[in-house]
Amino acid sequence: LCSAGYFLHTLGFCQPCAIGTYQPSSGQTSCISCQSGTITLQTASTSSIQCVAICSSGFYRTTGGSCQACPIGTYQSSAEQTSCISCPSGTSTNQIGSTSIAQCVAICSAGFYLTTQGNCQICPVGTYQPSSGQTSCISCQSGTITLQTGSTSSSQCVAICSSGFFRNTNGNCQACPVGTYQTSTEQTSCISCPSGTTTNQVGSTSQTQCVGLCSAGYFLHTLGFCQPCAIGTYQPSSGQTSCISCQSGTITLQTASTSSIQCVGKIFVP
C-alpha cells in the first residue's frame, strides 16, 4: 500500500509523485496535477498547498522557494530556474527581470548614455553624466553650459556667453570689441560691422549699433551721427567719440579741426 505522496506503478512498486503533482491519500494509483500556472518544488508532495506559482522567464527560484526577478546584468529565458544567466562581458540589461540575451546591451561609460535603440550616445553640449551604464545625461543648471560633448562632471558646466560676447580660446566669455557685435549666445567669434561703420562700445549685440565711422575733425554723437569738433577742439583720428581740447590759452579758429597745430593763441581785442 503506497503512502501519501506516492502512487502504485503498473509494475507494482511505489513511485513518488513527480514535480508538479501531489497525492494526499495512501493507496492511490496516480497523482493529482497542480492547477495551471503552479508547480510543486519537490517530488512526493502530499498537498495542493505545496503547489506554488511557477517562476516565469525573467525570474528564478530562490533557496527560500520564492520567485525573484533576475537582477540587472542577467536574464533568464526559461521558466522555473534556480539562477539567472549573466550578460556577456561589456554588456548589461537596463532593468531587472530580463528574459533574453537580446536585452543585454553595451555598458555606456561616463559621458555617454544608452539610447532606446541600445547604442551608446555621447552626452550633448549642455549636459554631463558622471556614471557609467546610464540611460540619460544630466542637464547643466539654468544659465550654464558645457563647452564640449561627453562631459562627465557638473564642474564642466560654465556660464553661458550671452549676446555681445564670444567664447575665446581659453574658454572664457569676452566682450565683442569695438567695431563688432554678436546677436547670439555662446558663439566663438563676433561679427564685424559693415565697411565704414563701427560700434561705440564693446559688447554690442546688434548690427543696428554699427554707425557711421566719423572722419578726422569729427566725433560720433551719442545719437549716432557725426558731429564736427567745436571751436577750441580738434580730432586727428577717424572713428572717435570725442574731440581733444586745445591747450589753455589757445583755440582753433574753425570747427572740424584735425590737428593741435590749428590751436593758436587767443586774440584779445582792446
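For the sequence shown, the tail end lands on 346 under our numbering, and the numbers increase by one without skipping. Glycine included, C-beta positions come from ideal geometry on N, C-alpha and C. All values derive from a computational prediction rather than experimental measurement.
Inset, instruction - On the DSSP bridge assignment, give the partners of residue 302 in chain order. - result: Residue pairing by DSSP puts residue 302 in a beta bridge opposite 296.
Inset, instruction - Please report how far the alpha carbon of residue 257 lies from the alpha carbon of residue 245, in whole angstroms. - result: Looking at the two C-alpha atoms, the distance is approximately 18 Å.
Inset, instruction - Inspect the CB distances between the region 144-155 and the region 164-184 and report whether three or more fall short of 8 Å. - result: Contact holds: three or more Cβ-Cβ distances are below 8 Å.
Legend entry - Secondary structure, beta strand (DSSP E): runs of 3+ residues fully inside the region 240-273: Runs found: 241-243, 249-251.
Legend entry - Proximity winner among 210, 155, 204, relative to residue 171 (alpha-carbon distances): Nearest option by C-alpha distance: 210.
Legend entry - Identity of the residue in 294, 191, 319, 127 nearest residue 94 by Cα: Answer by Cα proximity: 127.
Inset, instruction - Give me the Cβ distance between residue 274 and residue 315, rounded to the nearest whole Å; I'm assuming they're in contact under 8 Å. - result: Contact flag correct, Cβ pair sits at about 5 Å.
Legend entry - Per-residue burial, residue 329 [other beta carbons within 10 Å of its own, 16 or more giving buried]: When all chains shown are included, residue 329 counts as exposed.
Inset, instruction - Please confirm whether residue 226 and residue 198 have their CB atoms less than 7 Å apart. - result: When the beta-carbon positions are compared, residue 226 and residue 198 come within less than 7 Å of each other.
Inset, instruction - Write down the C-beta distance between residue 250 and residue 242 rounded to the nearest angstrom, noting that I regard them as a contact closer than 8 Å. - result: Yes, residue 250 and residue 242 are in contact; Cβ-Cβ is about 6 Å, under 8 Å.
Inset, instruction - For the region 83-98 and the region 113-132, state whether three or more C-beta atom pairs, one from each stretch, are separated by less than 8 Å. - result: As far as the Cβ criterion goes, the region 83-98 touches the region 113-132, which means the pair count is three or higher.
Inset, instruction - Give the secondary structure of residue 109 by DSSP, where H, G and I count as helix, E and B as strand, and everything else as coil. - result: DSSP places residue 109 in strand when its eight states are reduced to three.
Legend entry - Pairwise C-alpha distance: residue 262 and residue 200: One C-alpha to the other measures close to 15 Å.
Inset, instruction - State the DSSP-derived secondary structure class of residue 161, mapped to helix, strand or coil. - result: Here residue 161 sits in strand by DSSP.
Legend entry - Endpoints, the beta strand (DSSP E) within which residue 92 is located: Start and end: 90-92.
Inset, instruction - Excluding the 5 residues preceding and the 5 following residue 184 in the sequence, name in chain order all residues of the same chain whose CB lies nearer than 7 Å to its CB. - result: The residues are 190, 196, 208, 209, 210.
Inset, instruction - Within its chain, find whatever has a CB closer than 8 Å to the CB of residue 260; leave out the 5 residues flanking it on each side and keep chain order. - result: Excluding sequence positions up to five before and after residue 260, its CB lies within less than 8 Å of the CB of 239, all in the same chain and listed in chain order.
Inset, instruction - With a cut-off of 8 Å on the beta carbons, I'd call residue 205 and residue 213 a contact; round off their distance for me. - result: Contact flag correct, Cβ pair sits at about 5 Å.
Legend entry - Selection from 144, 277, 264 that minimises the alpha carbon distance to residue 174: The residue with the shortest Cα to Cα distance from residue 174 is 144.
Legend entry - Sheet register partners of residue 190 (DSSP bridge): DSSP lists 196 as partners of residue 190.
Inset, instruction - Could you give the DSSP three-state label for residue 80: helix, strand or coil? - result: In this structure, residue 80 counts as coil in the three-state DSSP scheme.
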